[in-house]
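Here the structure is laid out as structure tokens; the discussion comes afterwards.
Protein chains in written order, with the working numbering: chain A, 1301 to 1549; chain B, 1301 to 1549.
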């Protein structure tokens, strides 16, 4: 049985708590949050605290707060003999605690949407093999996919995720707007979007590219550019078309 | 019982044939293809022909050939009293047959990957309510989602799909390359990609945008740009970041 303390009470902490609650071998013995409001939900589920002095000994403290607050918060933990792992994709492993680590579940979390944690990759990093092993045990108790990833790799992964998720979501928004402007239900595109995302699990996106850019179908490209009124959208269309063609030269 | 003839033997025809074969009320009475090679697979499943003169009367001819070949092929069908519907997203409804229509299943098809046709939207268009009704019956026999969509709307839908699918797939490829260059398995991103695609069915992508651009997190944006070596990728990053911020002004 491993005992952990969750620090933070936002989306990530909420979902981690729910996931650990379902395990047999991990117990969340405390939740810390500076503001007591957000702790209400957890009050009759575990001990809730807003004072660092009340932190109990544990196998690990998991710090699930905003990227900005992570560093400062960990610096307050001081030199307790406990593994302190944060959950941020963009903060490197720190060195301000006595034993430092990272426990980064790579997913976008919204409180309203339940997630199946077993499919969420957890990227772990620690200063010693022993501490890495603790994080692996925690990770494997809630997820089928646990990857040791260095801070440098995680930085690149975060960058890759901006392309694969944030920018992709924006392309969905652009498509939705084109639909709205032409009285077409955006739902007509849902199946295609889902299939495009599903295909990458079976083959590299390099091999599955379709459409006018990779076909070098100049007349369709010209027709599309003509239909786009916004200069920004024209520019995005042109740039991504060129980039697809260079990729397939 | 409706009788149809499939014209073409590529990916779309293959999947349409498989889908119609499973229905009780639609019968594919013939497959036409110019080259006999591609018809081999269908030989003991239906009648296969390579000569237009052998075309039988039917409720509809479904023309599932390349965008380029669609017009010419339909012009050869002549003035038979049969509804001739093509399956192309980027070709408008034609007027060269006696009765014209469109039967456009909006999905990317690969022969190797089986699809669940019931989830694939079928966009239909015809010159008369009677012919639209035929296409609706055909569509609803294989799919739960049949939408009457005009040629003008379909043109816009095709444009929207380039953003939501072709360009999105290219962003996946960029992310994959970043992973490859840093010895990170691209599979680490699969769950996030799938979730991003899944979320649009629950909420508009406008409301679910996350990441440094929408947070206007200038220091992370600068860090990301610094890490991108390719000028093209820098340009894509900058342009999409600006576009996300304008969308959320």
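Just so you know, even glycine gets a beta-carbon here, dropped at the ideal spot from N, CA and C.
Remember, it's a predicted structure, so these values are computed and weren't measured experimentally.
What are the residues that DSSP puts in a beta bridge with residue 1446(B)? The residue labelled residue 1446(B) in the question sits at position 146 within the second chain. 1422(B).
Less than 8 Å between CB atoms is the rule here; does residue 1340(B) satisfy it with respect to chain A? Reading the second chain from its first residue, position 40 is the one you call residue 1340(B). Taking Cβ atoms only, chain A never reaches closer than 8 Å to residue 1340(B), which makes this a no.
Which ranges would you report for the alpha helix (DSSP H) in the segment 1361–1433 of chain B if only whole runs of at least 4 residues count? 1367–1375
Closer than 8 Å to chain B by CB, residue 1447(A): Your numbering for residue 1447(A) matches position 147 in the first chain. At least one chain B Cβ lies under 8 Å of residue 1447(A).
For the candidate residues 1423(A), 1302(A), 1337(A), 1336(A), whose alpha-carbon lies nearest to that of residue 1323(A)? Within the first chain, residue 1323(A) is the residue found at index 23, counting from 1. Ranking the options by Cα distance to residue 1323(A), first place goes to 1302(A).
Environment of residue 1354(B) [buried if 16+ CB atoms lie within 10 Å]: Position 54 of the second chain, counted from the start, is the residue given in the question as residue 1354(B). Classification for residue 1354(B): exposed.
Mind checking if residue 1539(B) is an interface residue toward chain A, Cβ cutoff 8 Å exclusive? Position 239 of the second chain, counted from the first residue, corresponds to residue 1539(B). Yes - at least one Cβ of chain A is within 8 Å of the one on residue 1539(B).
Can the beta-carbon of residue 1470(A) be found less than 8 Å from the beta-carbon of residue 1377(B)? Here residue 1470(A) is taken as the residue at index 170 of the first chain, counted from 1. Here residue 1377(B) is taken as the residue at index 77 of the second chain, counted from 1. For residue 1470(A) and residue 1377(B), no; Cβs fall outside 8 Å.
How about the segment 1401–1410 of chain A and the segment 1422–1431 of chain A: do they share at least three Cβ pairs that are nearer than 8 Å? The segment 1401–1410 of chain A is in contact with the segment 1422–1431 of chain A.
CA-to-CA distance, residue 1530(A) to residue 1310(B), given in whole angstroms: Stepping through the second chain from its first residue, residue 1310(B) is reached at position 10. Stepping through the first chain from its first residue, residue 1530(A) is reached at position 230. Each residue's Cα considered, the two are about 36 Å apart.
Is it the case that the segment 1458–1470 of chain A contacts the segment 1488–1508 of chain B, given that we only count it when at least three CB pairs across the two stretches are under 8 Å? Yes: at least three Cβ pairs fall under 8 Å.
Give me, in chain order, the residues of the same chain whose beta-carbon lies closer than 7 Å to that of residue 1446(A); leave out the 5 immediate sequence neighbours on both sides. Counting from one through the first chain, the residue named residue 1446(A) turns up at place 146. Result list for residue 1446(A): 1422, 1424, 1436, 1439, 1440, in chain order.
Roughly how many whole angstroms lie between the Cα atoms of residue 1329(A) and residue 1418(B)? By 1-based counting over the first chain, the position of residue 1329(A) is 29. By 1-based counting over the second chain, the position of residue 1418(B) is 118. Roughly 48 Å separates the two Cα atoms.
Under 8 Å between the Cβ atoms of residue 1307(B) and residue 1341(B)? Against the second chain, residue 1307(B) aligns to sequence position 7. Against the second chain, residue 1341(B) aligns to sequence position 41. Going by C-beta atoms, residue 1307(B) is not nearer than 8 Å to residue 1341(B).
List, in chain order, every chain B residue whose beta-carbon is nearer than 8 Å to that of residue 1386(A). Here the question's residue 1386(A) lines up with position 86 in the first chain. The contacting residues do not exist; residue 1386(A) stays about 16 Å from chain B at best.
In whole angstroms, what is the alpha-carbon distance linking residue 1358(B) and residue 1305(B)? If you number the second chain from 1, residue 1358(B) lands on position 58. If you number the second chain from 1, residue 1305(B) lands on position 5. Distance between the alpha carbons of residue 1358(B) and residue 1305(B) is about 7 Å.
Using alpha carbons as the reference points, say which of 1451(B), 1395(B), 1390(B) lies closest to residue 1375(B). Walking along the second chain from the start, residue 1375(B) turns up at place 75. Among 1451(B), 1395(B), 1390(B), the Cα nearest to that of residue 1375(B) belongs to 1395(B).
Identity of the residues DSSP links to residue 1489(A) by a beta bridge: Numbered from its first residue, the first chain carries residue 1489(A) at position 189. In the DSSP output, where bridge partners are listed per residue, residue 1489(A) has none listed.
Thinking just about the alpha-carbon of each residue, which of 1515(A), 1502(A), 1365(A) is nearest to the one in residue 1413(B)? Numbered from its first residue, the second chain carries residue 1413(B) at position 113. Looking at the Cα atoms, 1502(A) is the closest of the given residues.
Given a threshold of 16 other Cβ atoms within 10 Å of its Cβ, counted over all protein chains shown, does residue 1390(A) qualify as buried or as exposed? Walking along the first chain from the start, residue 1390(A) turns up at place 90. Flag for residue 1390(A) reads buried.
With hydrogens ignored, establish whether the beta-carbon of residue 1507(B) is closer than 7 Å to any heavy atom of the ligand COA. The ligand COA is not among the ligands present in this structure, which contains no ligands whatsoever.
State the Cα-Cα distance for the pair residue 1387(B) and residue 1484(B), rounded to the nearest angstrom. In the second chain, residue 1387(B) corresponds to position 87, counting from 1. In the second chain, residue 1484(B) corresponds to position 184, counting from 1. If you take the alpha carbons of residue 1387(B) and residue 1484(B), they lie about 40 Å apart.
Apart from the five residues just before and just after residue 1541(B), which ones in its own chain have a Cβ nearer than 8 Å to its Cβ? Counting from one through the second chain, the residue named residue 1541(B) turns up at place 241. Same-chain partners within the cutoff: 1512, 1513, 1521.
From 1478(B), 1452(B), 1476(B), pick the residue whose C-alpha is nearest to that of residue 1523(A); which is it? To locate residue 1523(A), count along the first chain from 1; it is residue 223. Distances from the CA of residue 1523(A) to each of 1478(B), 1452(B), 1476(B) were compared; the closest alpha carbon is that of 1452(B).
For a cutoff of 8 Å on Cβ pairs, would you count residue 1461(A) as touching chain B? The sequence position of residue 1461(A) within the first chain is 161, counting from 1. Proximity of residue 1461(A) to chain B, defined by a Cβ-Cβ separation below 8 Å, is satisfied.
Count the other CB atoms within 10 Å of the CB of residue 1468(B); is the residue buried (16 or more) or exposed (fewer)? By 1-based counting over the second chain, the position of residue 1468(B) is 168. Buried, since its Cβ has 16 or more Cβ neighbours within 10 Å.
If we cut at 8 Å on Cβ distances, does residue 1332(A) have a partner in chain B? Residue mapping note: residue 1332(A) aligns to position 32 of the first chain, counting from 1. For residue 1332(A), the answer is no, since every Cβ of chain B falls outside 8 Å of its Cβ.
For a test of the three-state rule: what should DSSP assign to residue 1305(B), helix, strand or coil? On the second chain, residue 1305(B) is found 5 positions in, with the first residue counted as 1. Strand at residue 1305(B).
Using beta carbons (cut-off 8 Å, strictly below), is residue 1436(B) in contact with chain A? For the purposes of this step, residue 1436(B) is taken as residue 136 along the second chain, with counting starting at 1. Judged by the 8 Å Cβ criterion, residue 1436(B) is not in contact with chain A.
So, with DSSP's three-state summary, where would you put residue 1348(B)? Locating residue 1348(B) in the second chain gives position 48, where the first residue counts as 1. Looking at residue 1348(B) - three-state DSSP - the assignment turns out to be strand.
Any beta carbon from chain A within less than 8 Å of residue 1546(B)'s own beta carbon? To locate residue 1546(B), count along the second chain from 1; it is residue 246. Closer than 8 Å to some Cβ of chain A, the Cβ of residue 1546(B) qualifies, so yes.
Any idea which residues DSSP pairs residue 1326(B) with across the strands? Locating residue 1326(B) in the second chain gives position 26, where the first residue counts as 1. According to DSSP, residue 1326(B) bridges with 1302(B).
Residues in the segment 1491–1509 of chain B having any Cβ partner in chain A nearer than 9 Å: 1491, 1492, 1493, 1494, 1495, 1496, 1497, 1498, 1499, 1500, 1501, 1502, 1503, 1504, 1505, 1506, 1508, 1509
Which residues, in chain order, does the segment 1406–1424 of chain B contribute to contact with chain A at a C-beta distance below 8 Å? 1406, 1407, 1408, 1410, 1413, 1415, 1419, 1420, 1421, 1423
At which residues does the alpha helix (DSSP H) containing residue 1525(B) begin and terminate? Start at 1 with the first residue of the second chain, and residue 1525(B) comes out as number 225. Residues 1518–1527.
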